[in-house]
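One structure below.
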Amino acid sequence: MSPNRIAPRRAGAVTALTAAGLLAAAGIASAHVTVHPDSYAKGATDGVLTFRVPDEEDNASTNEVQVFLPTDHPVLGVLVHPQDGWTAQVTNTKLKTPLKTDDGTITDAVSEITFTGGKIAPGQYEDFNVAFGQLPDDTDQLTFKALQTYSDGKTVRWIETPSGGQEPENPAPVLKLTAKGADESGSTSTGSPANSKTSASAKSTAWSSDSTARGLGIAGLVVGVLGLAAAVFAVLRSRSTGSRAE
């Protein structure tokens, strides 16, 4: 077989594999359990955390979600928003070191929230909203480990943390805590529950728009790669035709 014919085939194969890899990576990233917004100011008060849980199975629905809150840097004043079709069970844990606040000494805090009774169908997601009274101000981030159980008995453990700069296969949702006044969400100020819900909705919309933008960017990259491969193929074919003419 002529080398001029092998080259276009190899170029096409590489292009196809590259495109498939990009799309697969986009799909994996979007399937993670995440927390929104992804950052708050240290010590922020009266805010809302939204845990987004997508169902990534083809033939099984999600029927239980467990979210574990850190107790070494506890989140105070946790309240769970009622979710249609779901029942929330809240577990409190006694703190090793009681916290002194303006409202008195806090000796226990929420350590786990388990949502059951509902269903997240394949290809869909559910947002679980959790309000808080105050975030800690003595750490740079909070890790919320989560367990996702499917109707076929499978449990995915979203508990891994990044190591060596690499993204783990099942990363735990992480909330970054920024310096007071530096948080873009502006969540250091207090507000009414209605304002908190509106803020959470706006942040969720922004997250969706950002995901769409990333998807369009990846699609554009794939189209560009395919166009480059087509150009290479045309050049090689032209050279092959010229060689035969000689």
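Each residue of the sequence shown is one higher than the one before, starting from 59 at the first, in my numbering.
C-beta: ideal position from N, C-alpha, C; glycine also.
- Counting along the chain, the unbroken beta strand (DSSP E) around V168 starts and ends at G162 to I178.
- Closest by C-alpha distance to V168, out of V188, D161, G105 and G223, is V188.
- Of the other Cβ atoms in all chains shown, 16 or more fall within 10 Å of the Cβ of L200; this residue is therefore buried.
- Residue state for S119 is assigned as coil, using DSSP reduced to three classes.
- Out of V91, P132 and E170, the CA that lies nearest to the CA of D113 is found in V91.
- With respect to the 8 Å criterion, T236 and K100 are classified as neighbours on the basis of their beta carbons.
- Under the three-state reduction of DSSP output, E227 falls in the coil class, being neither helix nor strand.
- Here the alpha carbons of P95 and T103 stand approximately 14 Å from one another.
- Here the alpha carbon of T197 sits roughly 10 Å from the alpha carbon of P132.
- Proximity to K203 across W144, W216, T165 and T145 peaks at W216, based on C-alpha coordinates.
- Bridge partners of G105 according to DSSP: F190.
- Nearest Cα to G181 within the set S119, V93, V106 and G105: S119.
- For E114, the three-state secondary structure derived from DSSP is coil.
- Counting only runs of at least 3 residues, the region 195-225 fully encloses the following beta strand (DSSP E) elements, listed from N- to C-terminal order: 199-201, 203-208 and 213-216.
- A direct Cα-Cα distance of roughly 9 Å separates S209 from K177.
- Distances from the CA of T165 to each of F173, T172 and P156 were compared; the closest alpha carbon is that of P156.
- Spatial neighbours of E218 in its own chain (CB-CB distance under 8 Å, excluding positions within 5 residues in sequence) are listed in chain order as P226, E227, N228, P229 and A230.
- The residue from N117, G223, K158 and E122 with its alpha-carbon nearest to that of Q141 is E122.
- Our two residues, F126 and E170, have alpha carbons roughly 4 Å apart in a direct line.
- In the three-state reduction of the DSSP assignment, A89 falls in the coil class, being assigned neither a helical nor a strand state.
- Annotation for Q182: no beta strand (DSSP E) segment contains it, and DSSP assigns it neither H nor E.
- In this structure, the straight-line span from the alpha carbon of T207 to that of Y183 is close to 14 Å.
- Here Q192 is buried: its Cβ has 16 or more other Cβ atoms, across all protein chains shown, within 10 Å.
- The alpha-carbon of N150 is positioned some 13 Å away from that of V138.
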